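Taking it in order: structure first as structure tokens, then the write-up.
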């Protein structure tokens, strides 16, 4: 069932070690840039609704559970403040699945600015 | 009164000897000292340049889906552009090369980010397109744009580096 995610809840996104800056203790901007698949950009940034997910499961690559990642944690309110939407998009394999979307994510300059702001606001887990 | 005296010693030529108003010599800088300092600075620049380029080249080792969300391999174009940019910055004797954060982005591009005082300079070398995106951040306020050429990007970077 699709639910409304409260603004004070949290979102989790996996962070590759190459997207972690040890000098700042933060993830880098690449963490929050949309991917192009089949010549088309993703519609949203996939995240897990932290309050409905298990951190140890969110850390694992769903296609290769042996690969374990760091996690960037964001308060739902942060993407909302930037004019983005946060929606609960549950799947059969992941009921905590959610997405961050917005038209600015499709513009290179605007998306880089958003990625920088979200990376700055993220806490690493 | 401070004075500067230049004279030769039989064993070594001293260019500057500062004498304080108490008459006591407090610093001596020889030509040899200057050459040693310059060599040290050059070797630090060279080491930093090698370190940055090595980090950029390492990104070539990332395979498909390196982030678990379907990221693509870093392209040769992005590596070449980032490498060229660093080489041009290192060649500029008016700039002190500092170590940026080097990271990949999921569409095959590279991000370099410098920090200085309360400001940041972030540049995105895209996977294929012949343009660059940069962001300057001062006290948390970010402004940026797309630029169409490397010389234009270098001018913007030098302005930022000289300003902060």
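Chains as they are written, first to last, in my numbering: chain A, 1 to 125; chain B, 1 to 164.
Ideal placement from N, C-alpha and C gives every residue a C-beta, glycine not left out.
Predicted, not measured: the structure shown is a model, and the values here were computed from it.
Legend entry - Closest residue to residue 138 of chain B among A:68, A:78, A:86, A:113 (Cα-Cα distance): A:113
Inset, instruction - Compute the Euclidean distance between the alpha carbons of residue 18 of chain A and residue 40 of chain B, then round it to the nearest angstrom. - result: Near 31 Å, if we compare the C-alpha coordinates of residue 40 of chain B and residue 18 of chain A.
Inset, instruction - Mind the definition here: the stretch 21-28 of chain A touches the stretch 86-96 of chain A only if three or more C-beta pairs lie below 8 Å; say whether that holds. - result: no
Legend entry - Inter-residue Cα distance where the pair is residue 79 of chain A and residue 36 of chain B: Cα to Cα, residue 79 of chain A sits roughly 52 Å from residue 36 of chain B.
Inset, instruction - Could you please give me the residues that DSSP links to residue 61 of chain A through a beta bridge? - result: Beta-bridge partners of residue 61 of chain A (DSSP): A:64.
Inset, instruction - Tell me, please, whether the stretch 7-15 of chain A touches the stretch 84-91 of chain B by the rule of three or more beta-carbon pairs shorter than 8 Å. - result: Verdict: no, contact absent.
Legend entry - Bounding residues of the beta strand (DSSP E) (the contiguous stretch that carries residue 121 of chain B): 119-125
Legend entry - Contact set between residue 47 of chain A and chain B, taken where Cβ atoms lie within less than 9 Å: Going along chain B, no residue has its Cβ under 9 Å from residue 47 of chain A, so there is no contact; the nearest lies around 10 Å.
Inset, instruction - For chain A, find out if any of its Cβ atoms is closer than 8 Å to the Cβ of residue 84 of chain B; answer yes or no. - result: Judged by the 8 Å Cβ criterion, residue 84 of chain B is not in contact with chain A.
Inset, instruction - May I ask you to list the residues that DSSP assigns as paired with residue 88 of chain A? - result: A:98
Legend entry - Classification of residue 69 of chain A by the beta-carbon crowding that lies within 10 angstroms, buried from 16 upward: By the neighbour-count criterion, in which 16 or more other beta carbons inside 10 Å mark a residue as buried, residue 69 of chain A falls on the buried side.
Legend entry - Coarse secondary structure for residue 150 of chain B, derived from DSSP in three states: Reduced to three states, the DSSP call for residue 150 of chain B is helix.
Inset, instruction - Along the alpha helix (DSSP H) that carries residue 113 of chain A, what are the first and last residues, could you check? - result: 108-121
Inset, instruction - Starting from the Cα of residue 15 of chain A, find the closest Cα among B:52, B:105, B:77, B:156 and give me that residue. - result: B:105
Inset, instruction - Classify residue 59 of chain A as buried or exposed, calling it buried when 16 or more other Cβ atoms lie within 10 Å of its own Cβ. - result: Under this definition residue 59 of chain A is a buried residue.
Legend entry - Cβ-based neighbour list, residue 110 of chain A, same chain, cut-off 8 Å, excluding 5 preceding and 5 following: 104
Legend entry - Contacts that residue 16 of chain A makes with chain B (C-beta to C-beta distance below 7 Å): 66, 67
Inset, instruction - Mind reading off the beta-carbon distance from residue 99 of chain A to residue 46 of chain A? Whole number of angstroms is fine, and I expect it under 8 Å. - result: Cβ-Cβ separation between residue 99 of chain A and residue 46 of chain A: approximately 6 Å, consistent with a contact (criterion under 8 Å).
Inset, instruction - Please go through the same chain and pick out, in chain order, the residues whose beta-carbon is closer than 8 Å to the beta-carbon of residue 145 of chain B, but skip the five residues on each side of it. - result: 133, 134
Inset, instruction - If I'm right that residue 62 of chain B touches residue 74 of chain B with Cβ under 8 Å, what's the distance once you round it to whole angstroms? - result: 6 Å
Inset, instruction - Classify residue 12 of chain A as helix, strand or coil using the three-state DSSP reduction. - result: Strand.
Inset, instruction - Kindly identify the DSSP beta-bridge partner or partners of residue 22 of chain A. - result: According to DSSP, which records beta bridges pairwise, residue 22 of chain A is partnered with nothing at all.
Inset, instruction - Express the C-alpha separation of residue 96 of chain B and residue 29 of chain B in angstroms, rounding to a whole number. - result: 23 Å
Legend entry - Exposure of residue 127 of chain B, with buried meaning 16 or more beta-carbon neighbours within 10 Å: buried
Legend entry - Chain-ordered chain B contacts of residue 25 of chain A [CB-CB under 9 Å]: Correct list: empty, because the minimum Cβ distance to chain B is about 12 Å.
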